[in-house]
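Top line first, the protein sequences correspond to chains X and V.
Counting with the working numbering, you get residues 1 to 253 for the letters of the first sequence.
Counting with the working numbering, you get residues 1 to 365 for the letters of the second sequence.
Ideal Cβ positions, reconstructed from N, Cα and C, are used throughout, including at glycine.
All remarks here apply to the structure that follows.
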Amino acid sequence: MSEENARLTSSLLYLDDVQVTFDGYRALRGLSLVLAPGEMRAIIGPNGAGKTTMMDVITGKTRPDVGEVYFEGRHDLTQLDEAEIATLGVGRKFQKPTVFENHTVHDNILLAAKAPRSVRATLRARPTPESGRAIERILERIRLTNVRDWRAGALSHGQKQWLEIGMLLAQDPKLLLVDEPVAGMTDSETAETAAMLKEIAREHSVVVVEHDMAFVRELDVKVTVLHEGAVLAEGSLDQVSADERVVEVYLGR
Amino acid sequence: MNNALDRAGWIFVAIMALAAVLVPVAALGTPEGALVHMPSYLVQLLGKYLCYAILAIALDLVWGYCGILSLGHGAFFALGGYAMGMYLMRQIGARGVYANPLLPDFMVFLNWKALPIAWWGFNSFAYAMLMVVLVPGLLALGFGWFAFRSRVTGVYLSIITQAMTFALFKEFFRNDFGFGGNNGLTDFKDILGFPLQSDAVKAGLFCVTALFVNLSYLVSRAIVRSKYGKALIATRDAESRMRFLGYRVENIKLFAFVVSAVMAGVGGALYVPQVGIINPSEFAPGNSIEAAIWVAVGGRGTLVGAAIGAIAVNFGKTYFTGALPEYWLFALGALFVGVTLFFPAGLMGALSWRWKQRAPKETGT
C-alpha cells in the first residue's frame, strides 16, 4: 500500500484500474499507467485498444465508471471538467487537426497562450511586447513565421498539425497528450514532426499515441502497448516487439 | 473583422450620426411642402427601422460571432418595450378614459383595486430604464446559464429559444398576468413630460434612436475586436478545442448572450414610444424568425450588415405590404431562399469573403 502511495505521489500522471463502458462495450478494462515527471511515452495498440478513450478520461471528456486518475499525485481528474483540467496543465492535441480556421495563425497562438481565461480578463487583454515576442518565438519553432497572418483554414494539413502543436507549446502544459500527430503526413513532414516533439519533450512530459511504427522508433522512448482496454506490455520498442503476445495482437497469428 | 468591413462600419456610423442631425432638421426646420421637408410619419417609420437595426446588431453578436441562432430575441426586444410601455402608462395618470389617477385603464376595466407589485416604481423614468436593461438581461442570464451549462447547442438551442418567446407570448395574452392582455399597452400621452404626439418629440426620439444604433454598433465592435471576441469566434468554430485550452465556454457564451439581450431590450424600449403601442404579438415566434432573416440578408458576423439588412428588409416590407399586401410573405420567403442560395454570407458578408480568398496571396511566400 505504501509503495503504491509512493508511486502515486512521485507521478505526474497516475491511472489505476480505469474502466469505461459505452452502451455495454467495455472500452477500458482496468487500465493502469504511471507517467513520471518529464517523461515522454509512446502508446501504441491496434484500433479499438482504447487509446482515444484513455485520452478522453485524462482530459475530462469522459468520466470513468471505476478507477483512479490523478495528476501530479494530488489532483483527482475524475472530479474535474475539461477547462479545469486544462488549467491544471494538461494539453491535448486531437487526431484530426483542430485549429481555429477563421483566425490568423498568429491569433490561434494568442488564444492558446498561457494567460487568464476569464471573460473579464479577455475583454481587457491588450497585446504586450513580451507576449508578442513569445508568440513569435513559437511561430519560429513550428516553422510558420512567414504565414503568421494567414487564415489558419488556408494552411496545408501538415501546417495545421504544426500550428496545433504550437498552440500546445503556447499553452505551456505540464503534460501534453498527442493523438496520432503524423497521420496523413508526408515522410519529410513526419521527420520534422518527430524532431519538434522531441524538442518539446525536453521541457514537457509528453504522451504520444501513434500507429506509425517508424515514427515511434524515431521518437526512441518507452512504449506502452494497449490491447482491449488494458496494458499488454511496456518497455523499449525492441523489448515490446519481441514480446510474443504483442506480435500476436498485431499480426494476428 | 477585416478592413473593408470595418470601413463599411465607419461609413454606417457616419451616416447614422448625420441622420441623427439631419432628420430632425428636415422634419422641424423646413416648411411643410418643401422638397426637403420630412413628414412626421416618415420620421416615425425610419425610427422604427432603426429600432429593428439595434435588434439585428444584438442578434448578430450572438448568431454571427458565437453561432447561437437565437429564435427568441424578439422576446428580449418585447420585454424592453413592455418596461418602457409601463412607464408611459403610468405617465397617463388621470387622463385615461376612466380618469383613475393610479390605475391604468385596463386595470380599472378589470375591476382591480390596487396596482400590482410588478407595476410599482414604473412612474419613475430611471426605474423604468433600469428595468429595460435588467429584465431582458436577467432572463438571458437565467436562460443562458441553464442552456449553456447543459451544453445545449445548434438547432436544439434555437428550438428552446423559440419556446421561450412562445411561452411569454401566451403568458402576456392572459388578462390576469397583469400587462394589458391581448390589447397590450397603448394610448400613451407623454414621455418625461413631453407630448408624444408632437413633431419635436418624434424627431427627438429618432435622434436618440440613431445614436443608440451607433452605440450598439460601437459596443459590439469593441467586443468582437477584443481578445474576448476572438475567443467568441473560436468558440463558435471549435467549442471543444476551447474547452481543452482551458476556456469556460459557457461563460463566454453567457456574456455575449446577456449583452445581446440587453441591447435588444433597449431597442424595444425605443420602439414603443415611436409606434405608440406594445402588445403580446411582439413576442410572436414569427417576429424573432424575421429578425434572423434580416441578419442573414445583411450578412451575419458583420454587425454593420445586420443593421443594413434590418433597415433594407423592413423598407421592402413597408413597400410590399402597401403595394401588394398578399405577396409580402412570399417575397420575404423568396428573399431568404435567394440570399441563402446566391449570397450565403449576405450582402456585407460578400466583402469579407473576398478578403478571405485574397489574404493568403497577399502575405504568402
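Q) Quick one: which chain X residues come within Cβ less than 9 Å of I68 (chain V)? A) Those do not exist, as I68 (chain V) stays about 15 Å from chain X at its closest Cβ, beyond 9 Å.
Q) Which of the residues in the segment 225 to 258 of chain V, read from start to end, lie with their CB under 7 Å from any CB of chain X? A) Taking 7 Å as the Cβ-Cβ cut-off against chain X, the residues of the segment 225 to 258 of chain V that qualify are S226, K227, Y228, K230, A231, I233, A234, D237, A238, R241, R243, F244, L245, G246, Y247, R248, N251, I252 and F255.
**Q.** Which of helix, strand or coil DSSP assigns to D149 (chain X)
**A.** Looking at D149 (chain X) - three-state DSSP - the assignment turns out to be coil, as it is neither helix nor strand.
Q.
If contacts are defined as beta-carbon pairs under 8 Å, then A264 (chain V) and A58 (chain V) qualify, I think. What distance do you get, rounded to the angstrom?
A. Distance from A264 (chain V) to A58 (chain V) at the Cβ level is roughly 4 Å; contact confirmed, criterion being Cβ atoms closer than 8 Å.
Q: Return helix, strand or coil for K96 (chain X), following the three-state DSSP convention.
A: Secondary structure of K96 (chain X) (DSSP, three-state): coil.
Q: State the CB to CB distance for the pair V295 (chain V) and A312 (chain V), rounded to an integer number of angstroms; the pair is presumed to be in contact (CB under 8 Å).
A: Actually they do not touch by this definition, with Cβ atoms about 12 Å apart.
Q) Is it the case that the CB of Y25 (chain X) approaches a heavy atom of the ligand ADP more closely than 6 Å? A) Among the ligands in the structure shown, none appear at all, so the ligand ADP cannot be discussed.
Q: Just grab the DSSP bridge partners of V90 (chain X) for me.
A: Note: V90 (chain X) sits in a beta bridge opposite X:L175.
Q: Would you check if the distance between the CB atom of V249 (chain V) and the CB atom of E239 (chain V) is smaller than 7 Å?
A: In contact: V249 (chain V) and E239 (chain V) (Cβ atoms closer than 7 Å).
**Q.** Range of the contiguous beta strand (DSSP E) that encloses D16 (chain X)
**A.** From DSSP, the beta strand (DSSP E) with D16 (chain X) extends over L13 to F22.
Q: Step through the CB atoms of chain V and report whether any lies within less than 7 Å of the CB of A125 (chain X).
A: Cβ-Cβ to chain V under 7 Å: yes for A125 (chain X).
**Q.** Closest by C-alpha distance to Q239 (chain X), when choosing among X:V221, X:A230, X:P97 and X:H227
**A.** With respect to the C-alpha of Q239 (chain X), the residue from X:V221, X:A230, X:P97 and X:H227 having the closest C-alpha is X:V221.
Q.
Is the beta carbon of Q161 (chain X) closer than 7 Å to that of P116 (chain X)?
A. No, the pair does not count as a contact, with Cβ atoms beyond the cut-off.
Q) Could you give the C-beta distance for E248 (chain X) and I44 (chain X), rounded to a whole number, given that I count them as a contact under 8 Å? A) Incorrect: roughly 14 Å between the Cβ atoms, too far for contact.
Q: Work out the CA separation of V213 (chain V) and V219 (chain V) for me, nearest whole Å.
A: Straight across, the Cα-Cα distance linking V219 (chain V) with V213 (chain V) is about 10 Å.
Q | Proximity test, Cβ basis, 7 Å: N5 (chain X) and chain V | A | Residue contact check for N5 (chain X) against chain V: no CB pair falls below 7 Å.
Q. How many angstroms separate the CA atom of G322 (chain V) from the CA atom of R149 (chain V)?
A. If I take the Cα positions, the gap works out to 46 Å.
(Q) With three or more C-beta pairs closer than 8 Å as the rule, is the segment 130 to 145 of chain X touching the segment 173 to 186 of chain X? (A) The segment 173 to 186 of chain X, when compared against the segment 130 to 145 of chain X, does not touch it at the 8 Å Cβ threshold.
Q: Assign F179 (chain V) to one of two classes, buried (16 or more other C-beta atoms within 10 Å of its C-beta) or exposed (fewer than that).
A: Residue environment analysis places F179 (chain V) among the buried positions, since at least 16 neighbouring C-beta atoms fall within 10 angstroms of its C-beta.
Q | Distance, R141 (chain X) Cα to A231 (chain V) Cα | A | So the alpha carbons of these two residues sit roughly 24 Å apart.
Q: Determine the closest residue to R126 (chain X) out of V:L102, V:G96, V:T302 and V:G229, with distance taken between C-alpha atoms.
A: Nearest in C-alpha terms to R126 (chain X), of all of V:L102, V:G96, V:T302 and V:G229, is V:G229.
Q. Can you tell me whether DSSP reads E362 (chain V) as helix, strand or coil?
A. Residue placement at E362 (chain V) is poorly supported in this model, since its pLDDT is 41, which falls under 50; the coordinates still yield a value, given next. The answer is helix: DSSP assigns E362 (chain V) an H, G or I state.
**Q.** With 16 other Cβ atoms within 10 Å as the buried cut-off, status of K361 (chain V)
**A.** Its pLDDT being 43, under 50, K361 (chain V) is placed unreliably by the model, and the measurement read from it follows with that caveat. When all chains shown are included, K361 (chain V) counts as exposed.
(Q) Cβ closer than 9 Å: which chain V residues qualify as neighbours of H106 (chain X)? (A) Here the premise fails: no neighbours, minimum Cβ distance about 10 Å.
Q: Indicate whether the contact test is met: 3 or more Cβ pairs, each with one atom in the segment 198 to 209 of chain V and one in the segment 72 to 91 of chain X, closer than 8 Å.
A: As far as the Cβ criterion goes, the segment 198 to 209 of chain V does not touch the segment 72 to 91 of chain X, which means the pair count is below three.
(Q) Looking at chain V, is there any beta carbon in it that lies within less than 7 Å of the beta carbon of E136 (chain X)? (A) Answer no: the Cβ-Cβ gap between E136 (chain X) and chain V never drops below 7 Å.
Q | Buried versus exposed, by CB contacts within 10 Å (16 or more), S64 (chain V) | A | In the sequence under discussion, the amino acid at residue 64 (chain V) is Gly, which differs from the Ser named in the question. By the Cβ-count criterion, G64 (chain V) is buried, with 16 or more other Cβ atoms from all chains shown falling within 10 Å of its own Cβ.
Q | Alpha-carbon to alpha-carbon, L12 (chain X) and V225 (chain X) | A | When the Cα atoms are used, V225 (chain X) and L12 (chain X) turn out to be separated by approximately 19 Å.
Q) How do the segment 120 to 139 of chain V and the segment 78 to 91 of chain V stand: do at least 3 beta-carbon pairs fall below 8 Å, yes or no? A) In the pairwise beta carbon analysis, the segment 120 to 139 of chain V is classified as touching the segment 78 to 91 of chain V: at least three pairs are separated by under 8 Å.
Q.
Residues of chain V with CB closer than 7 Å to the CB of T59 (chain X), please, in chain order.
A. Those within 7 Å of T59 (chain X) in chain V are F244.
Q: Reducing DSSP to helix, strand and coil, say where R74 (chain X) ends up.
A: In the three-state reduction of the DSSP assignment, R74 (chain X) falls in the coil class.
Q | Buried/exposed call for A233 (chain X), threshold 16 Cβ in 10 Å | A | Residue burial is scored here from C-beta neighbours: A233 (chain X) has at least 16 other C-beta atoms within 10 angstroms and is therefore classed as buried.
Q.
Below 8 Å, how does it come out for the segment 279 to 288 of chain V and the segment 91 to 108 of chain V: are there three or more Cβ pairs, yes or no?
A. In short, these stretches do not touch, since the Cβ pair count stays below three.
Q) Helix, strand or coil: how does DSSP classify S158 (chain V) here? A) Helix.
Q) Taking Cβ positions, are V152 (chain V) and L79 (chain V) nearer each other than 7 Å? A) Against a cut-off of 7 Å, the Cβ pair of L79 (chain V) and V152 (chain V) comes out as no contact.
Q) With distances taken from CA atoms, which of V:Q274, V:G47, V:V23 and V:A163 is nearest L71 (chain V)? A) Checking every option, the nearest Cα to that of L71 (chain V) belongs to V:A163.
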